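Numbering (full-length UniProt numbering), first residue to last: 1 to 253.
Written as structure tokens, this is what we have:
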């Protein structure tokens with residue numbers, strides 16, 4: 001026909017091949033949550049001290065009628081009440097030279113001494129211990145011969161037989177294979193929280209978040225090195241490109 005334009009349309013049935021088992025891997029983001037309260041800022045300590053220097057007392061004319069004392073538990077709260085308990089222990093300054101404190105840790109009347117926030121692992125800078133940085137979140141990173149000597153989160157590839165294993169099961173089996181079965185942990189979700197695709201071979205790493213509840217990571221092979229690090233320490237340990245991809249997954253506390 002005159003003035004008509006014809007376009008040649010070619011329908012293709014070719015599609016992108018499905019990902020093979022060798023190109024899919026599961027990366028475990030295993031963390032230890034904080035055990036104690038966060039460290040207070042210097043500004044918070046100064047504010048707390050300022051508020052407690054001159055506390056604002058209530059106005060008795062407003063809360064209580066004039067002439068009526070503030071009574072609670074049959075006690076006039078206008079006056080201080082002294083409670084005297086027998087002292088069954090001696091301070092270090094009260095001990096005579098050569099005398100030892102024979103008080104048992106199981107004694108009910110013992111002196112209550114809070115534990116230090118700084119542990120032996122902190123003093124020794126033992127990065128393989130879970131008893132460090134109690135007020136911070138720690139993450140497990142490993143260095144294996146398979147990772148070209150770089151520190152990374154534990155990564156586990158799909159089996160070569162072609163059968164795809166669920167990602168959370170693959171991460172669990174892999175963790176037990178390199179860290180032993182003395183780890184009690186739980187997965188936050190079976191759904192991956194992040195994915196990284198390699199531009200070279202189109203392989204994909206799916207990230208699974210988990211928390212360790214008890215136990216310890218014990219390397220099952222000699223070539224496996226591991227550390228428990230905070231977010232700031234991960235920035236110094238991991239490669240810049242790798243840390244940039246997973247930084248949003250890390251907790252600031």
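Backbone N, C-alpha and C define an ideal beta-carbon position, used for all residues, glycine too.
These numbers were taken from a predicted model, which means no experiment stands behind them.
From the DSSP output, read off the bridge partner residues of residue i.
i	result
residue 198	According to DSSP, which records beta bridges pairwise, residue 198 is partnered with nothing at all.
residue 52	Residue 52 is not bridged to any residue.
residue 186	211
residue 37	Residue 37 is not bridged to any residue.
residue 78	According to DSSP, which records beta bridges pairwise, residue 78 is partnered with nothing at all.
residue 27	155, 207
Are there 16 or more other CB atoms within 10 angstroms of the CB of residue i, so buried, or fewer, so exposed?
i	result
residue 171	buried
residue 123	exposed
residue 179	buried
residue 206	buried
residue 46	exposed
residue 49	exposed
residue 80	exposed
residue 186	exposed
residue 36	exposed
residue 261	Any answer about residue 261 is impossible in this case: the structure gives the chain only from 1 up to 253.
residue 133	buried
residue 271	Lying before the first or after the last residue shown, residue 271 is absent from the chain, which here runs from 1 to 253.
residue 168	buried
residue 182	exposed
residue 210	buried
Residue i by DSSP, collapsed to three states: which one?
i	result
residue 245	helix
residue 252	coil
residue 88	coil
residue 95	coil
residue 193	coil
Flag residue i as yes when its Cβ comes closer than 7 Å to any non-hydrogen atom of the ligand PLP, and as no otherwise.
i	result
residue 199	Among the ligands in the structure shown, none appear at all, so the ligand PLP cannot be discussed.
| query | What are the start and end residues of each continuous beta strand (DSSP E) run of 3 or more residues lying completely inside the segment 97 to 184, in chain order? | reply | 138 to 143, 155 to 157
| query | Which full runs of the alpha helix (DSSP H) of 4+ residues lie inside the segment 201 to 243, going along the chain? | reply | Listed in chain order, they are 231 to 237.
| message | With a threshold of 8 Å, are at least 3 pairs of Cβ atoms found where one atom belongs to the segment 228 to 235 and the other to the segment 174 to 193? | response | no
| field | Cβ contact (3+ pairs, closer than 8 Å) linking the segment 129 to 144 and the segment 42 to 51 | value | Output reads no: the segment 42 to 51 does not touch the segment 129 to 144.
| task | Decide yes or no for the touch test of the segment 174 to 188 against the segment 213 to 223: beta carbon pairs closer than 8 Å, at least 3 of them. | result | The segment 174 to 188 vs the segment 213 to 223: in contact.
| request: Check whether the segment 157 to 165 touches the segment 27 to 37, counting contact only when three or more Cβ pairs, one atom from each stretch, lie closer than 8 Å. | output: Contact fails between the segment 157 to 165 and the segment 27 to 37, because fewer than three Cβ pairs, one in each stretch, are under 8 Å apart.
| Any 3 or more C-beta pairs closer than 8 Å across the segment 195 to 214 and the segment 115 to 122 | no
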